[in-house]
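Have a look at the structure below, then the notes.
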């Protein structure tokens, strides 16, 4: 009967919960007060009861080990995110759940935040405070709207809460931003408050602005990291394949048909010459600036669309780009370009001749050195080997006496 009632309450809690996964910040030490350890275990059990998975710092020691073990023993998924450099220190014995190794602390916090629907801080040290304050700051800035909770075991965080209240009184934190932090003394009470949390503060910047900044460039890292994997690889292969077909193979075939006709049309030859001139210029610019533009989102797709725009009969972009941009620029600078090319050819010829002379001289000198070495070895007589002198009769007698 009690078991059925417990299962009923667990199912009811699961239906009511708005969280799939909660990130828990806590210390890699157990702390001196046993109540900290008890609170970590109770928090893990509360997550299990509500069918909530765990994201945490990946360690198997201290409060991290206790909360993760409780969640894992309860049958819920555990995701531990830990920098590779900390694995020897914070992981001892057998690991539980899924362990994801990352390159550093910043990536660790970003990965934990990305997978979590809410955050809870157990007692901890500098690292716990830093993680806690960062997600609070992100909420204030409008980067996320996920609730942040403090499990204030035996008043551990009273001083921190007093400090924040002081910051509000002194005008460094707005009263609305103070509501970001939800505090309670028990796991059950805290998660219940987090379930009811509604943001009351005004974002410094809208979430849309942060998302747009992330998509457009938080570095090309987002593009190369978030979309990394088989989908990105397949998409890139398809796009490059289409570019080869529609940007090179198809225009080349059309040129072939134009040239091989009995009476080639000058207009068509002129058109395709313009196309290949522009493609050649684009290819050169792409090779020069590849490291600067190739990471840009949908770069290959934009390149494919530009190729189609150039040769498509309806757009005839090659004519437009050539006549509007390329021809005026080249016509204006043609004398300078010709003069520069002539100077470059002369300098290239002189430079090539000088290097050829140096190479020939070096080869000749090296060859003579080799011949001289062999000649010296062949003419130098070998040193005679020392011969062992025959022992005289007196020496033999002396040796016999010594024996």
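Residue numbers (the working numbering): 8 to 410. Cβ coordinates follow ideal geometry from the N, Cα and C atoms, glycine included.
| query | result |
| --- | --- |
| Give me whichever residues DSSP pairs with residue 155 in a beta bridge. | 126, 188 |
| Sort out for me which residues DSSP pairs residue 89 with in a bridge. | 108 |
| Name the one or two DSSP bridge partners that residue 30 has. | 62, 126 |
| Using the beta-carbon count (16 or more within 10 Å), is residue 364 buried or exposed? | exposed |
| What's the gap between the Cα of residue 318 and the Cα of residue 145? | 48 angstroms |
| On the three-state DSSP scale, how would you describe residue 38? | coil |
| Under the assumption that residue 148 contacts residue 32 (Cβ atoms under 8 angstroms), give the Cβ distance between them as a whole number of angstroms. | The Cβ separation is near 19 angstroms, so there is no contact. |
| When you compare only the Cα positions, how much space is there between residue 124 and residue 25? | 8 angstroms |
| How many whole angstroms separate the CB atoms of residue 187 and residue 127, which I take to be in contact at a CB cut-off of 8 angstroms? | 14 angstroms between Cβ atoms; not a contact. |
| Let me make sure I understand the geometry here. Which of 83, 78, 112, 204 has the alpha-carbon closest to that of residue 94? | 112 |
| With DSSP collapsed to three states, give me the class of residue 255. | helix |
| Helix, strand or coil: how does DSSP classify residue 113 here? | helix |
| Using the Cβ count rule (16 or more neighbours within 10 Å means buried), how would you classify residue 254? | buried |
| Under 8 angstroms by Cβ, that's how I've got residue 119 and residue 78 pegged, so tell me the actual separation to the nearest angstrom. | About 15 angstroms separates the two Cβ atoms, so there is no contact after all. |
| Where residue 167 and residue 110 are concerned, what is the direct C-alpha to C-alpha distance, given to the nearest angstrom? | 30 angstroms |
| So, are the CB atoms of residue 87 and residue 74 less than 8 angstroms apart? | no |
| Measuring CB atoms only, is the stretch 57-72 touching the stretch 38-49, in the sense that at least three cross pairs come out at less than 8 angstroms? | yes |
| Leaving out the 5 sequence neighbours to the left and right, which residues in its chain are closer than 7 angstroms to residue 207 when beta-carbon positions are compared? | 183, 186 |
| Just to confirm, is the Cβ distance from residue 189 to residue 155 under 8 angstroms? | yes |
| Identify, in the order they occur along the chain, each residue of the same chain with its Cβ nearer than 7 angstroms to the Cβ of residue 35, setting aside the five sequence neighbours on each side. | 66, 68, 69, 71, 97 |
| Alpha carbon to alpha carbon, what distance is there between residue 358 and residue 349? | 14 angstroms |
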